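Novice: Residue numbers (this note's numbering): 2 to 903. Where a beta carbon is used, it is the ideal one built from N, C-alpha and C, also for glycine. Keep in mind it's a predicted model, so treat the numbers as computed, not measured.
(1) Kindly identify the DSSP beta-bridge partner or partners of residue 767.
(2) Work out the CA separation of residue 310 and residue 206 for me, nearest whole Å.
(3) Is the CB-CB distance between residue 727 and residue 687 below 9 Å?
(4) Is DSSP giving residue 847 helix, strand or coil here?
(5) Anyone know if the C-beta pair for residue 161 and residue 383 falls short of 9 Å?
(6) What would DSSP say about residue 688, mapped onto helix, strand or coil?
(7) Is the separation between the beta-carbon of residue 722 and that of residue 772 shorter than 9 Å?
(8) When DSSP builds the beta bridges, which residues end up paired with residue 838?
(9) Taking the alpha-carbon of residue 201 as reference, which of 245, 256, 20 has the nearest alpha-carbon?
(10) Check each candidate in 323, 358, 340, 417 and name the one with the smallest Cα separation from residue 375.
(11) For the segment 502 to 565, which segments carrying the beta strand (DSSP E) assignment without a break, of at least 3 residues, lie completely within its bounds, in sequence order?
(12) If I follow the unbroken alpha helix (DSSP H) through residue 341, where does it start and stop?
(13) Determine, using beta carbons only, whether residue 98 and residue 54 come nearer to each other than 9 Å.
(14) Quick test of your reading: residue 617 and residue 211, contact by CB under 8 Å. State the CB separation rounded to the nearest angstrom.
(15) Out of 741, 660, 710, 734, point me to the one whose CA is closest to residue 646's CA.
(16) Would you identify the three-state DSSP class for residue 325, choosing helix, strand or coil?
(17) State the CB to CB distance for the pair residue 119 and residue 19, rounded to an integer number of angstroms; the pair is presumed to be in contact (CB under 8 Å).
(18) Answer yes or no: do residue 334 and residue 231 have a C-beta to C-beta separation smaller than 9 Å?
(19) Determine the contact status of residue 7 and residue 116, defining contact as a CB-CB distance below 9 Å.
(20) Decide if residue 564 is buried, meaning its Cβ has at least 16 other Cβ atoms within 10 Å, or exposed.
(21) Taking the alpha carbon of residue 93 as the reference point, which residue from 875, 44, 446 has its own alpha carbon closest?
(22) How is residue 80 classed by DSSP in three states: helix, strand or coil?
(23) Who pairs with residue 198 in a beta bridge, going by DSSP?
(24) Under 8 Å: does the beta carbon of residue 883 sit that close to some heavy atom of the ligand FAD?
(25) Starting from residue 237, trace the alpha helix (DSSP H) both ways and give me its first and last residue.
(26) Counting beta carbon pairs with one atom in the segment 742 to 759 and one in the segment 837 to 845, are three or more of them shorter than 8 Å?
(27) Return the CA-CA distance between residue 1 and residue 358, expressed in angstroms with no decimal places.
(28) In whole angstroms, what is the alpha-carbon distance linking residue 216 and residue 850?
(29) Do residue 720 and residue 701 come within 9 Å of each other at the CB atom, strictly closer than that value?
(30) Classify residue 42 as helix, strand or coil using the three-state DSSP reduction.
(31) Residue 367 by DSSP, collapsed to three states: which one?
(32) Per the contact definition of three or more C-beta pairs closer than 8 Å, is the segment 398 to 417 in contact with the segment 164 to 171?
(33) Measuring alpha carbon to alpha carbon, tell me which of 274, 282, 158, 535 ends up nearest residue 76.
(34) Can you name, in chain order, every residue of its own chain whose Cβ lies under 6 Å from the Cβ of residue 158, other than the five neighbours on each side?
(35) Nearest-angstrom Cα distance between residue 579 and residue 752?
(36) Which residue's Cα is closest to the Cα of residue 147: 136, 64, 130, 139?
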């Protein structure tokens, strides 16, 4: 078994995706071949053997710097460790709180191979590759020279032009020459024209990039790309306090803002370095708020050496992963077209499920797709890349192919291009990672001139792979049911994919993905091949199923790579979808993991179908699920049992349309403003809005009760609904009184997971986990904060302690209350309960349940994994216990049914 050091996080602006990608690698490595060792790279390039429980945090800032090391921040700004302004020794001591700090010299004793999931500086620029070569440690991907070429966009463009590759006109602006003034606009118009693209020379493809349509927008775009900006006293004073705080949050974001620390320059050219946004806020209030300075200039410490101006490329955008065969030949996988709407394909669109579309292969004649593949292979060879690369480009209407962004690494989230395209040749993520490690060992063996053990490691890996291929293990088949047609169907796909991947990389289970689609009265099931499972979102999967055919290019590439699929996927894997009835599902497997959210899935209907056929499943049984999906009935049942709940109004579409004015007035009179409005029976993040007045409530109800799919304009304008934000159509709305602190000493929102165990006497024991506190940057916790890598802040355990009141007794009260709520509602298996908590000066904790999620989200970094880690469960252990409880329950039910028949 090889020890694989997974290098994650790092100092770059893309560190959150590098952290999330490293987690994907850790989860998907075949645990029968590899021992994964997470190596956290901090903002200063220091290494730490990361304690595994931190790997499942949603953001680096959730655990590093540790909460205890954070300075007071009244506005709860999230910061990275560089905002503490620590010495190198102090930062190393801080690292010791999340694992074991190590030096580079210790690496040869700890790992056999380095898997690099880092992006940007220290990951793609050759620095880390050089250090590893000096230590004699083989690593993934391209070598030193190719990596440095792949990172430096300006030099890369010059090389590509010299190699005869098509290129738009380019101009480079150096930081040393940048004075904050525009270049010669007339010359620019003549040489490049508008629109044009402005991008930093050494950043990822979605960092600091702007399309400039008009000359007057160029200055701001250049400022963004150099990570600087100027703000005037007039602009600052025109903002409300809430707007100022939100402005500061955007500035703090290292992906779309400047990040900290930053340099502040006053009108007299006096400069000071500020590390924390609270410091800058105080300075702005003094200098800009009180008019002491007319303007201030800000410059990130992590600045750019140069910025590129590129002529805008008209055409269809694609991304193509190129891999290397055993003999070193480049093979381009099927290129994917990025289907863009009016909005920019930015970080949010790129990484949040359901916001962008990808089409594989790109919809073009076969000859043109082949031309794209050949050009990508040519560039791979020309730049002397190794193992794999992701090459982005455009094809124009006249057939010209312009490759504009070769990358020696790729995002490694489950549905990224990296895994998405490999799935088209039949490799699941676990198989593809084994391929990458194998080919990387080959590449290092070929190019390393000094004596090394790379050949021995390669022989060891091949021997282990052959041994596994020859074994016929008795694995438990598990149907992982995902998709659906609720507003959270895309998150369901993310959850289901995560469950599939955790089970597929284990030695115990043989999962197969089952996609549910259709409608309530006509549900359809399909067993998915891996290429459809890794499509971007639920709608893409559904559309492919309904119009399924194998593209000739896909067939051709599968033939070219058949030997790779055979070597790395072992047992034959399904390449085509298969319709399934519930009866056929029961014949295929006696165990299912339901990864659906909302309706269907959490409403009990699917549970009844599975129970009829003796299929064990996760979560609550049908009657309890049908109750907890209804946020009104479930809270009313808790209220009847004596538990405190907020005031509610259940408003039907018919009643509202009959008397709209009366309904609006009654809501305000009974609940007050602001109030919370949501669907009564949908997922926890679906269309939940804080409503401040009758006009906003009118807009909300117009959206929820609409007849057409298109949202009414009134709703978009008054509720600030984001592009492509899901907003369901329903027959009932739930209006709730806003829960407030009142006379409590401390007030917070928590979410708490629980897990059930069968005792020897047949009773059920509830294991209630430590509460998590989730902070919202706006009025309501957004979908991004729940599910987008690097967004949101989860604090686990929640900050319950206040004054002299300690955490443990307060947490114990909350756990007792939530276990009582779960028992009243008949919740079993596992669940997540959201609640508000008021803590009083006398030590009393009052818990008000918001809702019960009988099938909580199981995306890779969801907070339930943070909670289970405290109790010693790795995600796979937690999933296994969920399945075990379902199997035991089914066995008990079967015995009970048999005894009743007798």
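Specialist: The short version:
(1) 757
(2) 14 Å
(3) yes
(4) strand
(5) yes
(6) coil
(7) no
(8) 749, 848
(9) 256
(10) Nearest to residue 375 by C-alpha distance, out of 323, 358, 340, 417, is 323.
(11) The segment 502 to 565 contains, as complete beta strand (DSSP E) runs of 3+ residues, the segments 510 to 520, 523 to 528 (chain order).
(12) It is not in any alpha helix (DSSP H) - residue 341 carries neither H nor E in the DSSP assignment.
(13) no
(14) Taking C-beta atoms under 8 Å as the contact rule, residue 617 and residue 211 fail to qualify, at a distance of about 53 Å.
(15) 741
(16) DSSP places residue 325 in strand when its eight states are reduced to three.
(17) 5 Å
(18) no
(19) yes
(20) exposed
(21) 44
(22) coil
(23) In the DSSP assignment, the residues bridged to residue 198 are 212, 311.
(24) Looking at this structure, you won't find the ligand FAD or any other ligand, since it has none at all.
(25) 234 to 239
(26) Three or more Cβ pairs closer than 8 Å define a contact, and the segment 837 to 845 meets that threshold against the segment 742 to 759.
(27) Any answer about residue 1 is impossible in this case: the structure gives the chain only from 2 up to 903.
(28) 54 Å
(29) yes
(30) strand
(31) In the structure shown, the three-state DSSP call for residue 367 is helix.
(32) yes
(33) 282
(34) 171
(35) 38 Å
(36) Nearest in C-alpha terms to residue 147, of all of 136, 64, 130, 139, is 130.
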